[in-house]
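Trainee: Start counting the sequence shown at 3; every next residue gets the next number (our numbering).
By construction, the Cβ of each residue, glycine as well, lies at the ideal position given by its N, Cα and C atoms.
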Amino acid sequence: MTVDRPDWLDAGRMSPLDDKLGIRITDHDPDHVVATMPVEGNQQPFGLLHGGATCSLVETVGSWAAALGAGPGRQAVGVELNVSYLRAATKGVVTAVATPVRRGRTLATFTIDVTDEQGRVTATARLTCMVLAA
Numbered sequence: 003m004t005v006d007r008p009d010w011l012d013a014g015r016m017s018p019l020d021d022k023l024g025i026r027i028t029d030h031d032p033d034h035v036v037a038t039m040p041v042e043g044n045q046q047p048f049g050l051l052h053g054g055a056t057c058s059l060v061e062t063v064g065s066w067a068a069a070l071g072a073g074p075g076r077q078a079v080g081v082e083l084n085v086s087y088l089r090a091a092t093k094g095v096v097t098a099v100a101t102p103v104r105r106g107r108t109l110a111t112f113t114i115d116v117t118d119e120q121g122r123v124t125a126t127a128r129l130t131c132m133v134l135a136a
């Protein structure tokens, strides 16, 4: 990790869906959160990375970014997700990087780029989260 994980946020505790998809948080600091996900096991019938799996990866990395920004005693929930698929991923691991567009008191918006192992952008997204008291 670029900076130490806050005691109040356990990045090792992922959701059951994240576990099924193989999503792992690999890096974070105040200005970005990075997560990876294998393509294998997350394909649609034609062998391409499933769009729903990509959305789950994007939602996870953006939600962790929002939670880190919200701080202890608060939680972040997604209220809008927009994803554009730019290139198919068929093997290896994809990486998602969330960067803040705006972190407000009640709303936080992030852009998320998903890339393949060659560094090519496979999807780009925008996630807005509402920040609530826990």
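(1) For residue 134, does the count of other Cβ atoms within 10 angstroms reach 16, so buried, or fall short, so exposed?
(2) Excluding the five sequence neighbours on either side, which residues of its own chain have a C-beta within less than 7 Å of the C-beta of residue 34, listed in chain order?
(3) Judging by CA-CA distance, which residue of 37, 117, 124 and 86 is the nearest neighbour of residue 223?
(4) Could you check what DSSP says for residue 51 in three-state terms: helix, strand or coil?
(5) For residue 17, which three-state DSSP category applies?
(6) Excluding sequence positions up to five away, which residues of its chain have a Cβ less than 8 Å from the Cβ of residue 92?
(7) Taking the alpha carbon of residue 127 as the reference point, which residue from 69, 117 and 70 has its own alpha carbon closest?
Mentor: So, from the data block:
(1) For the purposes of this step, residue 134 is taken as the residue at position 132 of the sequence shown. Looking at its Cβ environment, which holds fewer than 16 other Cβ atoms inside 10 Å, residue 134 is exposed.
(2) By 1-based counting over the sequence shown, the position of residue 34 is 32. The answer, listed in chain order, is 99, 100 and 101.
(3) Because the chain here runs from 3 to 136, residue 223 falls outside it and cannot be looked at.
(4) Your numbering for residue 51 matches position 49 in the sequence shown. In the structure shown, residue 51 sits in a strand (DSSP, three-state: E or B).
(5) Stepping through the sequence shown from its first residue, residue 17 is reached at position 15. Three-state DSSP puts residue 17 in coil, outside helix and strand.
(6) By 1-based counting over the sequence shown, the position of residue 92 is 90. Here the set comprises 41, 45, 49, 50 and 51.
(7) Taking the sequence shown and counting its residues from 1, the one referred to as residue 127 is at position 125. With distances taken between Cα atoms, residue 127 lies closest to 117.
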